[in-house]
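Colleague: Have a look at this one before I ask anything.
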Amino acid sequence: MIDIAGILTDNILNILLITLGGILISWSVHFVPVGGAPAAMAQATGIGTGTVQLAAGAGLTGLVTAAAMMNVTDSMLLVIASGAVGAMIMMSVTMIVGTWVYAYGVGCPPASAKAKYDPITKDRQDLYVSQGTEGHGLPTVCFVSGVIGAALGGIGGAMVYYYLLIIENGLAAPDIVGIASIFAVGIFFVNAVIPSYNIGGTIEGYHDPKFKKFPKAVFASFIATFLCAILGVLAIGGL
Amino acid sequence: MEPLTSMGVMALIGAAATIAGASEDLESDVGSQSNPNSQVQLAPQMMYPHRIFNKAISGEPPSNALMCAIGGTTASVLMSAGASVILALAIGAIIAAAIHGTYATTSYFGRSASQRRFKQPIYLDILRSHLPVIMGYAFITTFCILVVSYLMIAVLAHPFSLPLMAFIWGITVGAIGSSTGDVHYGAEREFQNVEFGSGLNAANSGNIVRRAESGLRNGMDNSWFCAKFGGPVTGLAFGMTVFLSGWITVLFDASKGDAIGWISVIAGTLIVLILTIWNRNIEVAARKAFGPYKKDEEAEVAA
Amino acid sequence: MSVGGGGGGAHAAIPHNNIIAFGLVGGLVGIYAAYFLVDMLGEYMSFLGALGAICGIVWGAAAVRRVANYGLGTGVPSIGMLALGMGVVAATFGLAVGGVAGPVIAVIFAAIIGLVIGVLANKVLKMGIPIMEQSMTEIAAAGTITIIGLSTSMVGTFLFDEVMTGVITTGHIAVIFIAGGLAILHPFNANLGADEKQDRTLACAFEKGGIAMIVAGIVATIMPLASGALTILVGLAVWYVGFSAFYKRVKRDAYMITGSGLLPSKEELE
Numbered sequence: 001m002i003d004i005a006g007i008l009t010d011n012i013l014n015i016l017l018i019t020l021g022g023i024l025i026s027w028s029v030h031f032v033p034v035g036g037a038p039a040a041m042a043q044a045t046g047i048g049t050g051t052v053q054l055a056a057g058a059g060l061t062g063l064v065t066a067a068a069m070m071n072v073t074d075s076m077l078l079v080i081a082s083g084a085v086g087a088m089i090m091m092s093v094t095m096i097v098g099t100w101v102y103a104y105g106v107g108c109p110p111a112s113a114k115a116k117y118d119p120i121t122k123d124r125q126d127l128y129v130s131q132g133t134e135g136h137g138l139p140t141v142c143f144v145s146g147v148i149g150a151a152l153g154g155i156g157g158a159m160v161y162y163y164l165l166i167i168e169n170g171l172a173a174p175d176i177v178g179i180a181s182i183f184a185v186g187i188f189f190v191n192a193v194i195p196s197y198n199i200g201g202t203i204e205g206y207h208d209p210k211f212k213k214f215p216k217a218v219f220a221s222f223i224a225t226f227l228c229a230i231l232g233v234l235a236i237g238g239l
Numbered sequence: 240m241e242p243l244t245s246m247g248v249m250a251l252i253g254a255a256a257t258i259a260g261a262s263e264d265l266e267s268d269v270g271s272q273s274n275p276n277s278q279v280q281l282a283p284q285m286m287y288p289h290r291i292f293n294k295a296i297s298g299e300p301p302s303n304a305l306m307c308a309i310g311g312t313t314a315s316v317l318m319s320a321g322a323s324v325i326l327a328l329a330i331g332a333i334i335a336a337a338i339h340g341t342y343a344t345t346s347y348f349g350r351s352a353s354q355r356r357f358k359q360p361i362y363l364d365i366l367r368s369h370l371p372v373i374m375g376y377a378f379i380t381t382f383c384i385l386v387v388s389y390l391m392i393a394v395l396a397h398p399f400s401l402p403l404m405a406f407i408w409g410i411t412v413g414a415i416g417s418s419t420g421d422v423h424y425g426a427e428r429e430f431q432n433v434e435f436g437s438g439l440n441a442a443n444s445g446n447i448v449r450r451a452e453s454g455l456r457n458g459m460d461n462s463w464f465c466a467k468f469g470g471p472v473t474g475l476a477f478g479m480t481v482f483l484s485g486w487i488t489v490l491f492d493a494s495k496g497d498a499i500g501w502i503s504v505i506a507g508t509l510i511v512l513i514l515t516i517w518n519r520n521i522e523v524a525a526r527k528a529f530g531p532y533k534k535d536e537e538a539e540v541a542a
Numbered sequence: 543m544s545v546g547g548g549g550g551g552a553h554a555a556i557p558h559n560n561i562i563a564f565g566l567v568g569g570l571v572g573i574y575a576a577y578f579l580v581d582m583l584g585e586y587m588s589f590l591g592a593l594g595a596i597c598g599i600v601w602g603a604a605a606v607r608r609v610a611n612y613g614l615g616t617g618v619p620s621i622g623m624l625a626l627g628m629g630v631v632a633a634t635f636g637l638a639v640g641g642v643a644g645p646v647i648a649v650i651f652a653a654i655i656g657l658v659i660g661v662l663a664n665k666v667l668k669m670g671i672p673i674m675e676q677s678m679t680e681i682a683a684a685g686t687i688t689i690i691g692l693s694t695s696m697v698g699t700f701l702f703d704e705v706m707t708g709v710i711t712t713g714h715i716a717v718i719f720i721a722g723g724l725a726i727l728h729p730f731n732a733n734l735g736a737d738e739k740q741d742r743t744l745a746c747a748f749e750k751g752g753i754a755m756i757v758a759g760i761v762a763t764i765m766p767l768a769s770g771a772l773t774i775l776v777g778l779a780v781w782y783v784g785f786s787a788f789y790k791r792v793k794r795d796a797y798m799i800t801g802s803g804l805l806p807s808k809e810e811l812e
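Taken in order, these protein sequences are the chains called V, G and E.
Straight run, no breaks: the first sequence in this note's numbering ends on number 239.
Straight run, no breaks: the second sequence in this note's numbering ends on number 542.
Straight run, no breaks: the third sequence in this note's numbering ends on number 812.
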């Protein structure tokens with residue numbers, strides 16, 4: 001049997017930082033403007049897909065870039081920053097192409113239904129919402145919010161991966177990459193689903209009233225990730 | 240590695256990713272998948288039975304991740320048994336496409352059978368004609384993603400394994416496809432019967448176009464339409480994502496020192512900034528070109 | 543992402559408790575049978591692990607069906623991804639620390655994580671789904687059984703050294719994650735609708751389990767302690783039986799199955 005208490009006390013910092021990473025992922029999902037199914041019919045503001053999958057797409061792209069960076073450097077900050085950049089690029093490319101489709105393919109201007117004036121550009125929004133819809137497309141505030149969300153998600157995912165990878169253990173390099181990466185993916189999915197249940201699947205960004213609900217999801221993610229982190233640290237540290 | 244070589248590899252990766260993105264979107268349009276499918280699902284309930292495929296495979300990201308992970312796994316098994324890379328990737332993609340076909344079949348049968356009370360028939364000719372197309376697109380998508388993943392691992396020395404890498408890019412291509420190209424299908428193609436230039440009025444929900452240029456509309460007609468805009472831009476989106484996120488680290492190679500690594504981070508942030516400004520430009524142009532939908536009542540009252 | 547069900551409990555022909563017993567007992571028996579019989583009789587018994595996984599998949603699909611009927615506010619897939627996210631953490635932990643008791647420890651810890659997330663969903667996120675705690679526990683445990691069953695079938699044992707080198711380092715865990723996850727979430731998602739029937743959904747789960755088994759068999763062909771050929775053959779048989787059962791129920795439930803034809807006429811619709 002492994003020395004549970006010993007491993008836990010040795011790696012208490014890793015557990016806390018992995019938990020922090022999970023909290024960041026959970027918080028980040030609240031920033032990403034997702035309109036769910038209605039947005040795909042230009043019936044709601046935001047990106048026309050599900051919260052979980054979009055957050056996962058961005059976060060996992062960040063994980064790929066962070067892991068590539070981790071291969072060549074020891075700097076923790078650099079790994080985490082490149083995770084954030086990878087996720088931000090994925091999210092902003094997705095949003096700009098989404099805007100092309102809304103503007104050129106569907107023919108409607110971006111408009112938010114949750115705010116009368118865009119908090120960033122101060123543009124009037126309600127007049128540009130077409131009849132019978134809850135807004136459409138990605139006004140500047142949603143775009144910026146999405147970029148922030150992607151950055152936080154990328155940082156969170158990279159942190160989980162980084163602090164799993166540096167746990168002391170007796171494994172060879174490819175083994176530890178394998179187990180840390182799949183753990184990071186698992187923890188990412190758990191923390192992407194919890195906030196999407198919190199916001200009921202759709203949100204416009206940080207200006208949306210639903211954004212105020214984030215402490216609940218962050219608290220739930222804190223407990224869930226803390227449990228997962230303990231299991232992960234025990235599994236990797238015990239080898 | 241020689242910077243020029245890695246640049247060439249990056250270009251190849253970008254090209255393969257672009258094809259993968261485009262075929263992913265068209266695959267989801269032929270079968271009608273993900274969010275726009277909610278209208279295809281709703282239509283019979285609103286008394287509009289139709290002849291459109293109903294491929295409800297759990298949303299695009301997981302279904303593409305499944306294809307790519309199966310392809311990646313099979314390819315890595317074949318490669319460790321000594322098969323050549325191209326053969327391994329091709330066979331992996333064939334098996335993935337076949338399994339995708341079973342998922343498409345069960346969802347068309349299952350969803351349609353669950354609409355008994357709305358009298359939605361199951362048309363076997365729709366299944367027979369659409370399934371090869373769906374599997375063909377699935378093959379192209381999987382093969383291209385496997386090429387991207389393989390090149391990143393074998394040439395650019397990424398630490399992840401092939402199945403995991405393919406899984407991650409599968410999730411990403413699905414997330415991008417359902418966020419970009421699907422909007423063209425959902426907001427425009429399904430509702431060509433309403434005036435161009437607005438979102439879908441909630442009152443029209445379920446009233447999808449069911450008649451085609453000739454005969455009754457099916458998924459193939461939809462992919463013909465979406466291949467003109469939605470598919471290619473999805474390809475550009477995925478190609479840009481894969482290319483730009485890799486390009487900055489190839490151009491500013493962090494293995495030559497952390498300072499260069501930080502330059503790559505700055506370069507990535509600059510790209511994001513440029514895209515944000517571009518989005519703002521399109522927003523301003525679209526507001527000007529299309530104008531408001533309503534009059535400003537407050538201003539009138541004030542006047 | 544498709545919208546969830548209309549709310550209220552799901553009608554079931556097979557009592558849910560029987561399915562729980564089938565999934566839990568069948569799953570663990572399959573996994574342990576594979577482990578011991580591979581030792582005693584030879585590597586070709588490794589296919590039993592995947593049969594155990596199929597029990598887990600059917601259980602998971604039944605649990606997803608029950609909880610998703612209440613409407614989750616977002617797509618059905620989210621809950622499948624959550625199940626496998628929890629499952630992969632618990633399964634790796636259980637196998638890493640548990641030795642021969644690994645699968646049982648993994649299932650217990652998965653159930654604990656699932657219960658905690660279920661309680662959080664109702665108490666903190668206020669989702670208000672009465673069976674959330676129970677369903678999350680079940681889904682996490684079913685996901686874990688699926689992961690361990692497929693891993694066992696791939697490498698012929700669930701001892702962690704073999705699983706580590708054969709499944710995790712090589713990245714085959716990714717295909718287990720997604721093939722198992724989709725097998726659990728796809729059946730209800732694919733049969734979603736007003737006239738969804740439990741037995742048709744579960745037949746679909748069985749069929750998708752066969753697919754996951756075939757994939758496990760493909761990987762097993764290069765593993766020294768497992769036999770791929772038999773796993774693939776049994777997987778194909780399971781798939782065929784599952785698909786036939788599914789198609790039979792489609793024919794029973796559908797409004798009409800026709801080779802080709804026009805849309806139903808106005809008179810028919812009224």
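Ideal placement from N, C-alpha and C gives every residue a C-beta, glycine not left out.
1. Closer than 7 Å by beta-carbon distance: list the chain E residues that pair up with K216/V, in chain order.
2. Name the residue from T19/V, M41/V, S82/V and G153/V whose alpha carbon lies nearest to the alpha carbon of G507/G.
3. Is DSSP giving Y362/G helix, strand or coil here?
4. Name the residues in the region 97-108 of chain V whose C-beta lies less than 7 Å from a C-beta of chain G; which are they?
5. Mind listing which residues of the region 777-802 of chain E have their C-beta closer than 8 Å to chain G's C-betas, in chain order?
6. Which residue's Cα is closest to the Cα of L593/E: Y574/E, A605/E and G584/E?
7. Can you give me the C-alpha to C-alpha distance between G340/G and H423/G, rounded to a whole angstrom?
8. Answer with buried or exposed for A256/G, where buried requires no fewer than 16 other C-beta atoms within 10 angstroms of its C-beta.
9. Which residues in the same chain as R290/G place their Cβ atom closer than 8 Å to its Cβ, once the five residues preceding and following it in sequence are excluded?
10. Would you check if there are 3 or more beta carbon pairs closer than 8 Å linking the region 176-196 of chain V to the region 95-104 of chain V?
11. Going along chain C in order, which residues have a C-beta closer than 8 Å to the C-beta of I223/V?
12. I believe G157/V touches I25/V by the beta-carbon criterion, under 8 Å. Please report the beta-carbon distance rounded to the nearest angstrom.
13. Between the Cα of V29/V and those of A44/V, N14/V, G48/V and Q53/V, spot the shortest distance and give me the residue it belongs to.
14. Any contact between the region 377-389 of chain G and the region 259-268 of chain G? By contact I mean 3 or more CB pairs, one from each, below 8 Å.
15. Would you kindly work out how many angstroms separate the C-alpha atoms of K114/V and V666/E, rounded to a whole number?
16. Counting contacts by CB-CB distance shorter than 8 Å, is A736/E in contact with chain G?
17. Between which two residues does the alpha helix (DSSP H) holding A278/G run?
18. Given a threshold of 16 other Cβ atoms within 10 Å of its Cβ, counted over all protein chains shown, does T244/G qualify as buried or as exposed?
19. Using the C-alpha atoms, what's the distance from M70/V back to P33/V?
20. Return helix, strand or coil for V144/V, following the three-state DSSP convention.
21. Compute the minimum distance between the beta carbon of T341/G and the heavy atoms of the ligand ATP, and state whether it is under 7 Å.
22. Helix, strand or coil, according to DSSP, for I203/V in the structure here?
23. Since T763/E meets chain G, which of its residues come closer than 7 Å, beta carbon to beta carbon?
24. Expressed to the nearest angstrom, what Euclidean distance is found between the alpha-carbon atoms of I4/V and L239/V?
25. F435/G: buried (16+ other C-beta within 10 angstroms of its C-beta) or exposed?
26. Return helix, strand or coil for L390/G, following the three-state DSSP convention.
27. Since I believe V129/V is in contact with G135/V (beta carbons under 8 Å), could you give me their beta-carbon distance rounded to a whole number of angstroms?
28. For a contact meaning CB atoms closer than 7 Å, what does I31/V contact in chain E?
29. Going along the chain, which residues of its own chain have a beta-carbon closer than 7 Å to the beta-carbon of A745/E, five neighbours each way excluded?
30. Do E299/G and S351/G have their CB atoms nearer than 8 Å?
31. Of all the options M582/E, A595/E and G629/E, which has the alpha carbon lying nearest to the alpha carbon of G569/E?
32. So which of I659/E, G670/E, F719/E and T711/E has the shortest CA-CA distance to I687/E?
33. Decide if N520/G is buried, meaning its Cβ has at least 16 other Cβ atoms within 10 Å, or exposed.
34. Hey, is T19/V's beta-carbon within less than 8 Å of any beta-carbon in chain G?
35. Comparing C-alpha positions only, which one of L77/V, G21/V, A58/V and T51/V sits nearest to A493/G?
36. Is the distance from the Cβ of V709/E to the Cβ of S695/E below 8 Å?
Modeller: This is what the structure holds:
1. Result: V666 and L667.
2. Checking every option, the nearest Cα to that of G507/G belongs to S82/V.
3. Y362/G falls in the strand class under three-state DSSP.
4. Flagged, chain order: V97, G98, T99, W100, V101, Y102, A103, G105, V106, G107 and C108.
5. Here the close residues are W781, F785, F788, Y789, R791, V792, D795, A796, Y797, M798, I799, T800, G801 and S802.
6. Checking every option, the nearest Cα to that of L593/E belongs to Y574/E.
7. Looking at the two C-alpha atoms, the distance is approximately 24 Å.
8. Buried is the call here.
9. Correct list, in chain order: Y362, I365, R449, L455, R456 and N457.
10. Not touching, per the Cβ criterion.
11. No chain C is part of this structure, whose protein chains are labelled V, G and E.
12. Their Cβ separation, rounded to whole angstroms, is 6 Å, which keeps G157/V and I25/V in contact under 8 Å.
13. Out of A44/V, N14/V, G48/V and Q53/V, the CA that lies nearest to the CA of V29/V is found in Q53/V.
14. A contact exists between the region 377-389 of chain G and the region 259-268 of chain G.
15. Taking the Cα positions, K114/V is about 25 Å away from V666/E.
16. Interface residue, yes.
17. Looking at the sequence provided, one finds Gln at residue 278/G rather than Ala. Q278/G -> alpha helix (DSSP H) spans N276 to L281.
18. By the neighbour-count definition (other C-beta atoms within 10 Å, threshold 16), T244/G is an exposed residue.
19. Spanning the alpha carbons of P33/V and M70/V requires a straight line of approximately 30 Å.
20. It is helical.
21. What this structure holds is no ligand at all, so the ligand ATP is not there to describe.
22. In the structure shown, I203/V sits in a strand (DSSP, three-state: E or B).
23. Contact note: T763/E reaches chain G through V316, using a C-beta cutoff of 7 Å and chain order.
24. Those two C-alpha atoms are separated by around 12 Å.
25. Under a 10 Å Cβ-count criterion, F435/G is classified as exposed, with fewer than 16 other Cβ atoms of the shown protein chains found around its own Cβ.
26. Residue state, collapsed to three classes: helix.
27. Confirmed, about 5 Å.
28. Note on identity: in this sequence residue 31/V is Phe, with Ile being the wrong assignment. Here the premise fails: no neighbours, minimum Cβ distance about 17 Å.
29. Apart from sequence neighbours up to five positions away, the residues of its chain that approach A745/E with a beta-carbon distance below 7 Å are G784, A787, F788 and R791, ordered along the chain.
30. With contacts defined by Cβ atoms closer than 8 Å, E299/G and S351/G do not form a contacting pair.
31. Taking G569/E as reference, the option from M582/E, A595/E and G629/E with the minimal CA-CA separation is A595/E.
32. Closest in C-alpha terms to I687/E, from the list I659/E, G670/E, F719/E and T711/E, comes F719/E.
33. Note on N520/G: under 16 other CB atoms within 10 angstroms of its CB, so exposed under the neighbour-count rule.
34. T19/V does not count as touching chain G.
35. Nearest of L77/V, G21/V, A58/V and T51/V to A493/G, Cα basis: L77/V.
36. Between V709/E and S695/E, the C-beta gap is not smaller than 8 Å, which leaves the two residues out of contact.
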